[in-house]
Amino acid sequence: MAYLRAERDVIHGGIGLSEKKFNVVNLVELQLTENAISTRMSEIEQAKNSGELVSAEKELNMIDENFKRANEDYSALENKRKKLEDMVELQNEKIKANEKKLFSGTVTSSKELENYQNEIKILKQKNSGMEDEILEIMIEMDEKIDKVKQFKAERDRAESKVSLIKSEINERVEVLKNILEGLKKRKDSVTLRIPQDYLKKYGELKNKKGGIAVAVIRDNFCNVCNMEIPVSAAEEIVDMDSVYSCPLCGRMAITHRKEIDDIEKELEL
Ligand SMILES: [Zn+2]
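The numbering of the sequence shown is this note's numbering, which starts it at 736 and goes up by one.
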């Protein structure tokens, strides 16, 4: 078993890889499995960074702000109303006390009588003004409570939208993680079927060549660099069981066979 003559003689000049028999498709399977792993991992990242979630959360925050503001406005009106009602009550008590004095028969001078009457009049006028104000506030509160209810309903809707998106994401991530776990097991098992020196070479090439160490040659084309292999090199690629080297991109290369399509299908690539 040769690590392609081209690889040994031309490119790396006589690196001796093991002659031990192994199914060269394992190298492709390792590569494809690793590709699938990184695809799934970026899908998980994508799912977690869902733009849909970001905009739904933004909308929820906005509505929540509106809701809080309307609620605060309502509470402020309610406080104002309570204060006014307390004042009215206090003044009513004063009026009652004055009236009591007025009709008790103890007030004898007309000046004093007039003073009491005036004070009662002023207090009643003040109260009537405050009662009008209270009415206005209550009308305003009625309008405000409608707004509060409206924003609350909107917030509830926005909240359930966010949690729906979140649960969809979690479900998707869960599925992807399960797939990923299966892929990692597959990678471990295929790794065990590849001789150490090929794994070493695989690792070196992967680091040097953008994460892709293995290419498949089909109809004299390399599926990674996408170039046509020169005739002289192509003529040497005759053994299905040998690992060759793409003379153009330098990656390990094996010839295409249906088995590879089947692996791709299994990995859903
Ligand atoms: Zn190539």
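Each residue gets a CB set at the ideal place from its N, CA and C atoms; glycine is no exception.
Could you check what DSSP says for residue 771 in three-state terms: helix, strand or coil? helix
Is the beta carbon of residue 760 sitting closer than 8 Å to the one on residue 994? yes
Below 7 Å CB to CB, which residues in the same chain sit around residue 908 once its five sequence neighbours on both sides are set aside? 779, 782 and 783
Excluding five sequence neighbours on each side, which residues of the same chain lie with their C-beta closer than 7 Å to the C-beta of residue 787? 900
Please determine whether the Cβ atom of residue 950 lies at a distance below 7 Å from any heavy atom of ligand 1. yes
Give every residue of the same chain whose Cβ lies closer than 6 Å to the Cβ of residue 727, excluding the five residues on either side of it in the sequence, and list them in chain order. Any answer about residue 727 is impossible in this case: the structure gives the chain only from 736 up to 1004.
So residue 762 and residue 987 are in contact, right, with Cβ under 8 Å, and what is the actual spacing, rounded? 6 Å
Residue environment, residue 766, which counts as buried when at least 16 other CB atoms sit within 10 Å: buried
Give, in chain order, every unbroken run of the beta strand (DSSP E) that is at least 3 residues long and sits entirely within the stretch 976-1004. 987-990
Which full runs of the alpha helix (DSSP H) of 4+ residues lie inside the stretch 799-824, going along the chain? none
Shell residues, 7 Å Cβ cut-off relative to heavy atoms of ligand 1: 950, 957, 959, 960, 962, 981, 983, 984, 986 and 988
Going by beta carbon distance, what residues of the same chain come within less than 7 Å of residue 746, once the five residues before and after it are set aside? Only weak support is given to the placement of residue 746: the predicted model assigns it a pLDDT of 33, under 50, and the value that follows is read from those uncertain coordinates. Closer than 7 Å at the Cβ level, and outside the excluded window around residue 746, lie 980 and 985.
Just to confirm, are residue 772 and residue 886 a CB contact at a threshold of 8 Å? no
How big is the Cα-Cα spacing for residue 865 and residue 795? 39 Å
Same chain, Cβ closer than 6 Å to residue 808, neighbours up to 5 away in sequence not counted: 879
Going along the chain, which residues of its own chain have a beta-carbon closer than 7 Å to the beta-carbon of residue 751, five neighbours each way excluded? Residue placement at residue 751 is poorly supported in this model, since its pLDDT is 49, which falls under 50; the coordinates still yield a value, given next. Contacts found: none.
Which of helix, strand or coil does DSSP assign to residue 949? strand
So residue 840 is in the alpha helix (DSSP H); what residue range does that whole segment cover? No alpha helix (DSSP H) contains residue 840, which DSSP labels as neither H nor E.
Meets three-Cβ-pair contact criterion under 8 Å: the stretch 936-954 and the stretch 824-832: no
Exposed or buried, residue 862, counting other C-beta atoms within 10 Å across all chains shown (16 or more means buried)? buried
Going by DSSP, what residues sit across from residue 956 in a beta bridge? 953 and 963
Of the residues 991, 854 and 875, the one placed nearest residue 977, counting alpha carbons only: 991
State yes or no: is the C-beta of residue 819 within less than 8 Å of the C-beta of residue 875? no
In terms of residues, what are the limits of the alpha helix (DSSP H) holding residue 932? 931-943
Nonlocal neighbours in the same chain, by C-beta distance under 8 Å from residue 925, ignoring five residues either side: 761, 764, 765 and 768
Residue 884 to residue 912, Cα distance in whole Å? 41 Å
Suppose contacts are defined by Cβ-Cβ distances below 8 Å. Is residue 982 in contact with residue 757 by that definition? no
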